[in-house]
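Asks: Residue numbers (the numbering used here): 1 to 460.
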Ligand SMILES: Nc1nc2c(ncn2[C@@H]2O[C@H](COP(=O)(O)OP(=O)(O)OP(=O)(O)O)[C@@H](O)[C@H]2O)c(=O)[nH]1
Ligand SMILES: [Mg+2]
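1. With DSSP as the reference, please indicate the residues paired to residue 370 in a beta bridge.
2. Can you give me the C-alpha to C-alpha distance between residue 195 and residue 349, rounded to a whole angstrom?
3. How about the region 40 to 59 and the region 158 to 168: do they share at least three Cβ pairs that are nearer than 8 angstroms?
4. Under 7 angstroms Cβ to Cβ from residue 68, same chain only, skipping five residues before and after it: list those, please.
5. Between residue 417 and residue 370, what straight-line distance do the alpha-carbon atoms span, to the nearest angstrom?
6. As an exercise, report each continuous alpha helix (DSSP H) stretch of at least 4 residues that is fully enclosed by the region 355 to 430, in chain order.
7. Under 6 angstroms Cβ to Cβ from residue 23, same chain only, skipping five residues before and after it: list those, please.
8. Any chance the region 247 to 258 sits against the region 198 to 211, with 3 or more Cβ pairs inside 8 angstroms?
9. Run through DSSP, which three-state label would residue 432 get?
10. So what does DSSP say about residue 281, is it helix, strand or coil?
11. Cβ of residue 476 within 8 angstroms of Cβ of residue 125?
12. Exposed or buried, what is residue 78 when buried is set at 16 or more other beta-carbons lying within 10 Å of its beta-carbon?
13. Can you tell me which of the three DSSP states residue 438 falls into?
14. Whose C-beta lies closer than 8 angstroms to the C-beta of residue 66 among residues of the same chain, with five residues either side of it excluded?
15. With burial defined as no fewer than 16 other Cβ atoms inside 10 Å of the residue's Cβ, what is the status of residue 390: buried or exposed?
16. To test your reading of the DSSP string, which unbroken alpha helix (DSSP H) runs of 4 or more residues are found completely within the region 105 to 161?
17. Specify the secondary structure class of residue 333 as computed by DSSP and reduced to three states.
18. Using 8 angstroms as the threshold, is the region 321 to 335 in touch with the region 270 to 290, meaning 3 or more CB pairs across them?
19. Would you check if the distance between the CB atom of residue 385 and the CB atom of residue 426 is smaller than 8 angstroms?
20. Can you tell me whether residue 99 sits near ligand 1, meaning its C-beta is under 7 angstroms from at least one heavy atom of the ligand?
21. State yes or no: is the C-beta of residue 191 nearer than 7 angstroms to some heavy atom of ligand 1?
22. For the beta strand (DSSP E) containing residue 90, name the first residue and the last one.
23. Thinking residue 298 and residue 274 are a contact (beta carbons under 8 angstroms), I'd like their distance in whole angstroms, please.
24. Across which residues does DSSP place residue 49 in a beta bridge pair?
25. Hey, would you say residue 172 sits closer than 8 angstroms to residue 221, going by beta carbons?
26. Alpha carbon to alpha carbon, how far is residue 438 from residue 74?
27. With distances taken Cα to Cα, identify the nearest neighbour of residue 64 among 328, 88 and 256.
28. If we count the other Cβ atoms within 10 Å of its Cβ and call it buried at 16 or more, is residue 340 buried or exposed?
29. Indicate, with yes or no, if ligand 2 has a heavy atom lying under 7 angstroms from the CB of residue 176.
30. Exposed or buried, which one is residue 430 when buried takes at least 16 other CB atoms within 10 Å?
31. For residue 458, is the classification buried or exposed, using 16 other Cβ atoms within 10 angstroms of its Cβ as the cut-off for buried?
32. Give the C-beta separation of residue 247 and residue 217 to the nearest angstrom, bearing in mind that I take them to be a contact with Cβ-Cβ under 8 angstroms.
33. Using only CA atoms, which one of 99, 303 and 114 lies nearest to residue 93?
34. Please go through the region 160 to 213 and give each complete beta strand (DSSP E) segment of 3 or more residues, from N-terminal end onward.
35. Tell me the rounded alpha-carbon separation between residue 19 and residue 145.
36. From which residue to which residue does the beta strand (DSSP E) around residue 243 run?
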């Protein structure tokens, strides 16, 4: 079966907790803090692999998780990082984020078009800091550590778009499947009725110097661009092939058609679907030249191709006549197009998507729920809450200092919050105190560098 779309749930590994510990030595009665950091959780990474030919591996298993980071220990021992979960996907996989609420594809994540290209789809959580990090001039013995950051998790959609080098395109029964069978080891169904081919077939063609992948797609008809016949769904596959092999039935046997008219109809549909397709490099192949009386049509097609300055070949998939020259020409053209594509820079999807995601995650908003009750929503802010040990006063004071630093207090004041109001974040609630919230000044003494350093570690 040809599986070309699946949805999977991916979850990174949670970060390990930082450790709260103090040095214990025989002759030192009161040692300094020595709690190590938690390890980072593993990421879930998609990697395009030319050995994968379908998304079938994701058909029955939908949940994928990386392992968590280990907790930090005393004596400054840091927890080990979790292992990444590597998911191989076929070259030509397009990845989208799925919106939790609507379950509709939303953000574009990546288009993995080359072997080895990768993208992190669910980041592991950062390990929490051990108490050694929280020492300041006024807080010599911090009796708290940070919990690990929870990992990212989300549903994503994988869609495989064929990555053939060349696609056989044409009217139903033009002989596209017969041609791919001649050119490669592919053995698709061949029959003398339209729409024999229901899903695309791929075949590897070995020519003298180069090998290339050719696709045989279902026949197109007039109106295909607006959804008629089967072709529309597969036109998107053609979008990705660098070369179009336009197959014309030179015998005009299918519904006694005129091959030149057929050619124009298909070209019009391609252009209607996407102007780019009209401009894509192509080769015209007149097929079925073994049939009596096709000579005149072949010459008319040849003249038209010449006029349009498009390479032209006359072949018979049945007898093999003309196939050798045709295959060599396709191989040479594919090679040229590949060389040209290699000159183009490769996008680094992690950077593109990470950037958009980081921006989104760091933002937060204040919602007024009722008089005197406000909710703060935002991934970054919520994570800070999750990383805090709730029954530890010092940890709470540190959390509020972090809030103020990223402007939560200001946003609350702007939204009209007053001292004594209730502030909710995730399931927790705080009492708002202008400037200090519920905690006294002394405990908020965290120097600026602390936060900057921490900020750096988020970029790792
Ligand atoms: N005489 C002759 N018949 C051919 C040739 N190529 C294909 N045919 C016949 O044409 C009919 C259609 O061939 P297919 O290869 O199934 O055509 P297709 O373009 O894949 O058709 P769809 O999948 O329906 O779009 C079959 O009966 C083939 O045997 C050829 O070179 N010569
Ligand atoms: Mg076919």
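Note that beta-carbon positions come from the ideal geometry of N, C-alpha and C, so glycine has one too.
Replies: With the given structure in hand:
1. 373
2. 38 angstroms
3. yes
4. 13, 14, 16, 41 and 82
5. 11 angstroms
6. 379 to 386, 393 to 405 and 408 to 414
7. 31, 32 and 34
8. no
9. coil
10. coil
11. Any answer about residue 476 is impossible in this case: the structure gives the chain only from 1 up to 460.
12. buried
13. Bear in mind that a pLDDT of 49 at residue 438, under 50, signals an unreliable position, so the number given afterwards is only what the model happens to contain. Residue 438: coil per DSSP, three-state reduction.
14. 11, 12, 13, 41, 42, 43, 44, 82, 83, 84, 85, 122, 124 and 151
15. exposed
16. none
17. helix
18. yes
19. yes
20. no
21. yes
22. 85 to 90
23. 30 angstroms between Cβ atoms; not a contact.
24. 90
25. yes
26. The predicted position of residue 438 is uncertain, since its pLDDT is 49 and thus under 50; a value taken from the coordinates is nonetheless stated next. Near 31 angstroms, if we compare the C-alpha coordinates of residue 74 and residue 438.
27. 88
28. exposed
29. yes
30. buried
31. Only weak support is given to the placement of residue 458: the predicted model assigns it a pLDDT of 34, under 50, and the question is left unresolved by the model.
32. Not quite, the Cβ-Cβ distance comes to about 11 angstroms (not below 8 angstroms), so this is no contact.
33. 114
34. 166 to 170 and 201 to 206
35. 6 angstroms
36. 243 to 249
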